[in-house]
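Engineer: The structure is given below, and queries will be raised subsequently.
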Amino acid sequence: MSAAMIGIIVILVLVLIVIGCVAYGIMRVKNAVEDFSRDAFCTPDIREGFKQVEEEYASTPKSVSAMTSLYLPKIKRDFPEFQYDEMKVRAENVLTSYLIAVDRMNKGDLTEGNKELSDKLEMQIEMLKAAGQREHYKNIEIHRTEIADYKKRNGRCIITFQTALQYFHMLEDETGKLLEGSGEMLTQSRYNTDVIYIQDREKVEDERDLSLGINCPNCGAPIGGIGSKVCEYCGTPIVELNIYAWSFCNVTEAK
């Protein structure tokens with residue numbers, strides 16, 4: 210056997226050894242990945258495992274800042290007639306109708322709210338129209354709603370309800386091409402819905418909020434203090450504060 214032939218054989222053997230080592234390494238990595246996937250996701254297919262994680266994430270409700278037990282007693286002290294259950298339902302209805310209004314590009318679908326909220330909704334719809342886009346919220350489902358905050362400042366009392374919910378979210382262009390979201394994978398989110406009560410009209414700077422206060426049924430004077438029971442102008446007792454003196458003023462997604 211010539212020296213050249215021996216050299217070729219040696220090279221082939223070395224190539225086979227390298228190929229064998231690479232194949233062995235790939236097999237080890239593949240087995241390690243399968244073992245990890247099996248331990249982590251109960252399936253040897255890591256792609257299937259990640260898909261399961263994504264689906265689980267899409268079906269798990271977001272947590273909310275549940276401060277109801279802290280703030281509700283304070284609210285009830287300031288407003289003894291405040292009906293928490295009723296207001297929570299109203300907050301959920303406002304949130305749902307706000308998203309539906311965006312979906313339908315029709316601010317008339319908003320169930321209630323002051324001018325500030327109506328203007329915000331109109332601006333959001335106009336921005337979508339200007340961009341040639343449609344934003345869809347389908348199959349909206351509420352998971353949980355709690356009071357997340359209660360603030361008293363500048364003549365206003367603001368209660369923030371935080372809601373965990375799910376929906377199918379899609380952003381499309383004017384041709385119907387999907388830009389964001391999915392019609393098959395749920396989106397879990399949470400939103401803050403603010404409801405406002407005017408405590409002291411002398412401190413209110415925005416005239417569009419003036420309709421939110423309570424007036425004396427006898428003389429028509431504004432009832433200025435939180436939870437006032439007697440008109441300071443004519444002395445008429447105020448038996449019950451109307452729950453609809455509260456008005457919804459803001460809806461925002463809480464990241």
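So the sequence shown is numbered by the numbering used here: it starts at 210 and just counts up by one. Cβ coordinates follow ideal geometry from the N, Cα and C atoms, glycine included. Computed from a prediction, not measured in an experiment: that's the story for all the values here.
Rounded to the nearest angstrom, what separates Leu421 and Lys316 at their Cα positions?
Structural biologist: Per-residue confidence for Leu421 stands at a pLDDT of 41, beneath the threshold of 50, marking its modelled position as unreliable; the derived number appears in the next sentence. Their Cα atoms are separated by approximately 21 angstroms.
Engineer: Where do the ends of the beta strand (DSSP E) carrying Asp382 lie?
Structural biologist: Note, Asp382: beta strand (DSSP E), 365-382.
Engineer: If I follow the unbroken alpha helix (DSSP H) through Leu337, where does it start and stop?
Structural biologist: From DSSP, the alpha helix (DSSP H) with Leu337 extends over 324-340.
Engineer: Quick check: the Cα distance between Ile349 and His378, rounded to an integer number of angstroms?
Structural biologist: Rounded to whole angstroms, Ile349 to His378 spans 9 angstroms at the Cα level.
Engineer: CA-CA distance, Val273 and Ala300?
Structural biologist: Roughly 15 angstroms between the two C-alpha positions.
Engineer: Per DSSP, what kind of secondary structure is Ser272 in: helix, strand or coil?
Structural biologist: Ser272 falls in the coil class under three-state DSSP.
Engineer: Helix, strand or coil for Tyr400 per DSSP?
Structural biologist: DSSP places Tyr400 in strand when its eight states are reduced to three.
Engineer: Would you kindly work out how many angstroms separate the C-alpha atoms of Asn302 and Lys239, rounded to a whole number?
Structural biologist: Taking the straight line from one Cα to the other gives about 51 angstroms.
Engineer: Would you mind reading off the limits of the beta strand (DSSP E) that contains Ser456?
Structural biologist: First-last of the beta strand (DSSP E) with Ser456: 456-462.
Engineer: If you reduce the DSSP assignment to three classes, tell me which class Lys386 lands in.
Structural biologist: Here Lys386 sits in coil by DSSP.
Engineer: Flag this pair as yes or no: are the beta carbons of Leu380 and Gly390 separated by less than 8 angstroms?
Structural biologist: In this structure, Gly390 lies closer than 8 angstroms to Leu380 by Cβ.
Engineer: Helix, strand or coil for Asp409, going by three-state DSSP, please let me know.
Structural biologist: Low per-residue confidence applies at Asp409: pLDDT is 49, beneath 50, and the placement is therefore not dependable enough to give any value.
Engineer: Could you spell out the range, first to last residue, of the alpha helix (DSSP H) harbouring Ser306?
Structural biologist: Taken as a continuous stretch (DSSP letters only), the alpha helix (DSSP H) holding Ser306 covers 293-313.
Engineer: So the alpha helix (DSSP H) Leu279 belongs to, where does it begin and stop?
Structural biologist: 277-287 is the span of the alpha helix (DSSP H), which, as asked, contains Leu279.
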